[in-house]
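Novice: Residue numbers (the numbering used here), protein chains in the order written: chain X, 2 to 178; chain V, -4 to 527.
A virtual CB, placed ideally from N, CA and C, is assigned to each residue, including glycine.
1. So, do the segment 326 to 334 of chain V and the segment 451 to 468 of chain V have three or more beta carbon pairs nearer to each other than 8 Å?
2. Check residue 303 of chain V in the structure and name its three-state DSSP category.
3. With distances taken Cα to Cα, identify the nearest neighbour of residue 493 of chain V among V:338, V:380, V:466, V:362.
4. So which residues of chain X does residue 37 of chain V contact, with C-beta pairs closer than 7 Å?
5. Work out the CA separation of residue 172 of chain V and residue 247 of chain V for me, nearest whole Å.
6. For the alpha helix (DSSP H) that contains residue 420 of chain V, what are its first and last residues?
7. Are the C-beta atoms of residue 69 of chain X and some chain V residue less than 8 Å apart?
8. Taking the DSSP output, what are the residues bridged to residue 444 of chain V?
9. On the three-state DSSP scale, how would you describe residue 361 of chain V?
10. What separation, rounded to the nearest whole angstrom, lies between the Cα atoms of residue 106 of chain X and residue 495 of chain V?
11. With a cut-off of 8 Å on the beta carbons, I'd call residue 373 of chain V and residue 504 of chain V a contact; round off their distance for me.
12. Indicate whether the contact test is met: 3 or more Cβ pairs, each with one atom in the segment 420 to 436 of chain V and one in the segment 109 to 118 of chain V, closer than 8 Å.
13. With 8 Å set as the bound, which would you pick, yes or no: does the beta-carbon of residue 294 of chain V sit closer than that to a beta-carbon of chain X?
14. Any beta carbon from chain V within less than 8 Å of residue 86 of chain X's own beta carbon?
15. In chain order, what residues of the same chain lie with their CB nearer than 6 Å to the CB of residue 368 of chain V, ignoring the 5 residues before and after it?
16. Cutting at 7 Å between CB atoms, please list the residues of its own chain near residue 235 of chain V, excluding the five before and the five after it.
17. When the Cα atoms are used, what is the spatial distance from residue 463 of chain V to residue 515 of chain V?
18. For residue 412 of chain V, write down the residues that DSSP places opposite it in a beta bridge.
19. Tell me the residue span of the beta strand (DSSP E) that contains residue 119 of chain V.
20. Can you tell which of X:158, X:35, X:57, X:25 has the C-alpha that lies nearest to the C-alpha of residue 45 of chain X?
21. Is residue 67 of chain V close to chain X, meaning its C-beta is less than 8 Å from at least one C-beta of that chain?
22. Quick check on residue 56 of chain X - is its C-beta less than 8 Å from some C-beta in chain V?
23. Classify residue 161 of chain V as helix, strand or coil using the three-state DSSP reduction.
24. Buried or exposed: which applies to residue 149 of chain V, given that a residue is buried once 16 or more other Cβ atoms fall within 10 Å of its Cβ?
25. Can you confirm whether the segment 10 to 18 of chain V touches the segment 142 to 157 of chain X when touching is taken to mean that 3 or more C-beta pairs between the two stretches lie within less than 8 Å?
26. Between the beta-carbon of residue 164 of chain X and the beta-carbon of residue 46 of chain V, is there less than 8 Å?
27. Using a Cβ-Cβ cutoff of less than 8 Å, which residues in the same chain neighbour residue 466 of chain V once the five nearest sequence positions on both sides are dropped?
28. Can the beta-carbon of residue 306 of chain V be found closer than 8 Å to that of residue 296 of chain V?
29. Using a Cβ-Cβ cut-off of 8 Å (strictly less than) and excluding sequence neighbours within five positions of residue 69 of chain X, which residues of its own chain qualify?
30. With burial defined as no fewer than 16 other Cβ atoms inside 10 Å of the residue's Cβ, what is the status of residue 19 of chain V: buried or exposed?
31. What three-state label does DSSP hand residue 123 of chain X in the structure shown?
32. Can you pull out the residues from the segment 14 to 27 of chain V whose beta carbon lies closer than 8 Å to at least one beta carbon of chain X?
33. Report yes or no: do three or more beta-carbon pairs, one from the segment 37 to 45 of chain V and one from the segment 21 to 37 of chain X, lie closer than 8 Å?
34. Taking all protein chains shown into account, decide if residue 408 of chain V is buried (16 or more other Cβ within 10 angstroms of its Cβ) or exposed.
35. In the DSSP assignment, the beta strand (DSSP E) including residue 240 of chain V goes from what residue to what residue?
36. For residue 377 of chain V versus residue 507 of chain V, is the C-beta distance shorter than 8 Å?
Pasting the structure below:
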């Protein structure tokens, strides 16, 4: 019934958009490249909508969606040649179990990441902005900032290490209080 | 043999190469091997990748509220996701700009590019600067409420009650600074992370409802009504951030010393209940309820209603184009009780207009035009009953539109809400701009159409369109999502002609055309108690 579709899709879109960030986070554990992970999330959305009539609304949507995301991520790792020799099913299960055990810690880290971002220098922030937020290719960032591609890769790595240390310090301090 | 820190550096380098997409096949395989056999490597990998994911999506809070809601399985999901990504990038860029800038104390400019919130409702509001009106978009900048209670919704989805006297600086969709006064924040699922700063503290919502009270010297109280928040003094090290749970309160004095206090604040819904629309808010400027005796009513006798300059009429010769012939009936067919009025719209069960199949056009002049050359907000609503849904195979040419045109330039700027043969909400604005929703209207039921016009003296105007199905309740304020929203439209016309146009094999029923300055004036409101 079209009228039912009207309501159903309304509900679906709200649930999906509420879960999208969680799904991206989940998928990136298995497909850690952000562009590829976004593609997997998009494939997941299509799969979820096709099966939405089977969704039990008494169960958390995000759990149901993660099951689909896992299938899509595995399919992606199987079908994309550059990923085929990355993770086997046993390692995927190990990673997801480990991640599940760390969820509270990861949530805490996410909170501190926001504060730590504010401590980056303007130059570092510019690199983060260009790479993560503007989604620009490394080559383009290098060209516009008159640096080499390798320098940008190194810079990104240094930024993440710096943020990681900052988050670690916050976590340790929070545990101590 | 390498020491553990060298091992750690190697692992981080491998993970970075894989994350950034420059790893060789051997490196990916090497990382896979480490993850397979080394539990510590798995922990390290998960922490690293989650931080990487955090950077990728940290700014994507509440994209859903910015998007129209899809309604058809035929709809390609790539669209909302693409929109979500685009919105994410835009929002992210905004965040980066915000991270870089200092405090901006500038007053509002009517610049839609910096709009970050909507004023939902006001009770006895008296603002220090220019008066603000319900439905108005709020840019970044200062809000000084001298008297009354105001409700806002930021574009990140957080809803705020502001109680006078209060001064608030809206910094972004995700952050406000309360200089003094009291606010209650409701940030439900998806709006987590909303930040309230005060002169002495920073409060971060973790998916909850909380109140912040700030006195003139900056001393702050935080009360958590539901969920939890994190808080810290502005001069505290980040590491000293504390968590406050539901039912708890804390006072932070001017020296940023925290002290537990009993939780003591009204709930968000208490304020919603308290803010009852004033009689003026309820007042429509233009109203047509077709409240006549059932039967045939000559057009010349259709004089009832509010805010009209004359009765309904057929199009004049100068008003005819596509089609340029006029075969509309010279009467209105009035029926009663044919609409499923689930919203309990007053008057929605009495007279209503049944439009015959064919090409029907009725025009009615309005006393008070919708002025597009001034700053203002106008809401419009119309109830519509679709009598028969035609399939694609039948090649339907079904259209229904409610259009507002100008008598001085009839085919110039216009605003039109409606649907075409695909039964998808469409919106025409300006001389010829068309905006379509991909969503299919519910078939053969009554729908409530609500439009909103934000006109600006300077800058783009914005027009919104939302269709409510029979099972959809209306909120206390305008919805967070609209089915169609215009972009890049600028008009300066005075729209003083209402045009109802219907074409196709099926007739349809329309009723309760309302035009007013507020959501409350055109939308029957579901009481908060009913929603619980």
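Specialist: Short version:
1. no
2. Position 308 of the second chain, counted from the start, is the residue given in the question as residue 303 of chain V. Shown here, residue 303 of chain V sits in a strand according to DSSP, grouped into three states.
3. Residue mapping note: residue 493 of chain V aligns to position 498 of the second chain, counting from 1. The candidate whose alpha carbon is nearest that of residue 493 of chain V is V:362.
4. Translated into positions along the second chain, residue 37 of chain V becomes position 42. Within 7 Å Cβ-Cβ: 95, 96, 99.
5. In the second chain, residue 247 of chain V corresponds to position 252, counting from 1. In the second chain, residue 172 of chain V corresponds to position 177, counting from 1. Spanning the two alpha carbons is a distance of roughly 16 Å.
6. Counting from one through the second chain, the residue named residue 420 of chain V turns up at place 425. Note, residue 420 of chain V: premise wrong, no alpha helix (DSSP H); beta strand (DSSP E) at 420 to 425.
7. For the purposes of this step, residue 69 of chain X is taken as residue 68 along the first chain, with counting starting at 1. With 8 Å as the cut-off, residue 69 of chain X does not count as an interface residue toward chain V.
8. For the purposes of this step, residue 444 of chain V is taken as residue 449 along the second chain, with counting starting at 1. Residue 444 of chain V is bridged to V:377, V:462.
9. What you label residue 361 of chain V is simply residue 366 of the second chain in a count that begins at 1. The answer is strand: DSSP assigns residue 361 of chain V an E or B state.
10. The count along the first chain starts at 1 and reaches residue 106 of chain X at position 105. The count along the second chain starts at 1 and reaches residue 495 of chain V at position 500. About 59 Å.
11. Locating residue 373 of chain V in the second chain gives position 378, counting from the first residue. Locating residue 504 of chain V in the second chain gives position 509, counting from the first residue. Going by Cβ atoms, the distance from residue 373 of chain V to residue 504 of chain V rounds to 24 Å, so no, they are not a contact pair.
12. They do not touch, by the three-pair rule.
13. By one-based count along the second chain, residue 294 of chain V stands at place 299. Answer no: the Cβ-Cβ gap between residue 294 of chain V and chain X never drops below 8 Å.
14. Position 85 of the first chain holds residue 86 of chain X. Residue 86 of chain X counts as touching chain V.
15. Reading the second chain from its first residue, position 373 is the one you call residue 368 of chain V. Apart from the 5 residues on each side of it in sequence, residue 368 of chain V sits with its Cβ closer than 6 Å to the Cβ of 487 in its chain, given in chain order.
16. As a working mapping, residue 235 of chain V is identified with position 240 in the second chain. 227.
17. Along the second chain, read from residue 1 onward, the residue named residue 463 of chain V stands at position 468. Along the second chain, read from residue 1 onward, the residue named residue 515 of chain V stands at position 520. If I take the Cα positions, the gap works out to 15 Å.
18. Translated into the one-based positions of the second chain, residue 412 of chain V becomes position 417. Beta-bridge pairing links residue 412 of chain V to V:397, V:422.
19. Numbered from its first residue, the second chain carries residue 119 of chain V at position 124. Looking at the DSSP string, the run of the beta strand (DSSP E) that includes residue 119 of chain V is 110 to 122.
20. Locating residue 45 of chain X in the first chain gives position 44, counting from the first residue. Checking every option, the nearest Cα to that of residue 45 of chain X belongs to X:25.
21. On the second chain, residue 67 of chain V is found 72 positions in, with the first residue counted as 1. A caution first: residue 67 of chain V carries a pLDDT of 33, below 50, which makes its placement in the model unreliable, though a value can still be read off. Taking Cβ atoms only, chain X reaches closer than 8 Å to residue 67 of chain V, which makes this a yes.
22. Mapped onto the first chain, residue 56 of chain X falls at position 55. It does not; no Cβ of chain V falls within 8 Å.
23. Along the second chain, read from residue 1 onward, the residue named residue 161 of chain V stands at position 166. Here residue 161 of chain V sits in strand by DSSP.
24. Working through the second chain from its first residue, we reach residue 149 of chain V at position 154. When all chains shown are included, residue 149 of chain V counts as buried.
25. yes
26. Taking the first chain and counting its residues from 1, one reaches residue 164 of chain X at position 163. Taking the second chain and counting its residues from 1, one reaches residue 46 of chain V at position 51. With contacts defined by Cβ atoms closer than 8 Å, residue 164 of chain X and residue 46 of chain V form a contacting pair.
27. On the second chain, residue 466 of chain V is found 471 positions in, with the first residue counted as 1. Within the same chain, residue 466 of chain V has close Cβ partners 337.
28. Within the second chain, the letter at position 311 stands for residue 306 of chain V. Within the second chain, the letter at position 301 stands for residue 296 of chain V. Cβ distance < 8 Å, so residue 306 of chain V and residue 296 of chain V count as in contact.
29. In the first chain, the residue the question calls residue 69 of chain X occupies position 68. The residues are 45, 48, 49, 52.
30. Position 24 of the second chain, counted from the first residue, corresponds to residue 19 of chain V. Result: exposed.
31. Position 122 of the first chain, counted from the start, is the residue given in the question as residue 123 of chain X. In this structure, residue 123 of chain X counts as helix in the three-state DSSP scheme.
32. 14, 15, 16, 17, 20, 23, 24, 26, 27
33. yes
34. Within the second chain, residue 408 of chain V is the residue found at index 413, counting from 1. Residue 408 of chain V should be labelled buried.
35. In the second chain, counting from the first residue as 1, residue 240 of chain V sits at position 245. Element bounds for residue 240 of chain V: 237 to 240.
36. Here the question's residue 377 of chain V lines up with position 382 in the second chain. Here the question's residue 507 of chain V lines up with position 512 in the second chain. Their beta carbons are under 8 Å apart, which means residue 377 of chain V touches residue 507 of chain V by this criterion.
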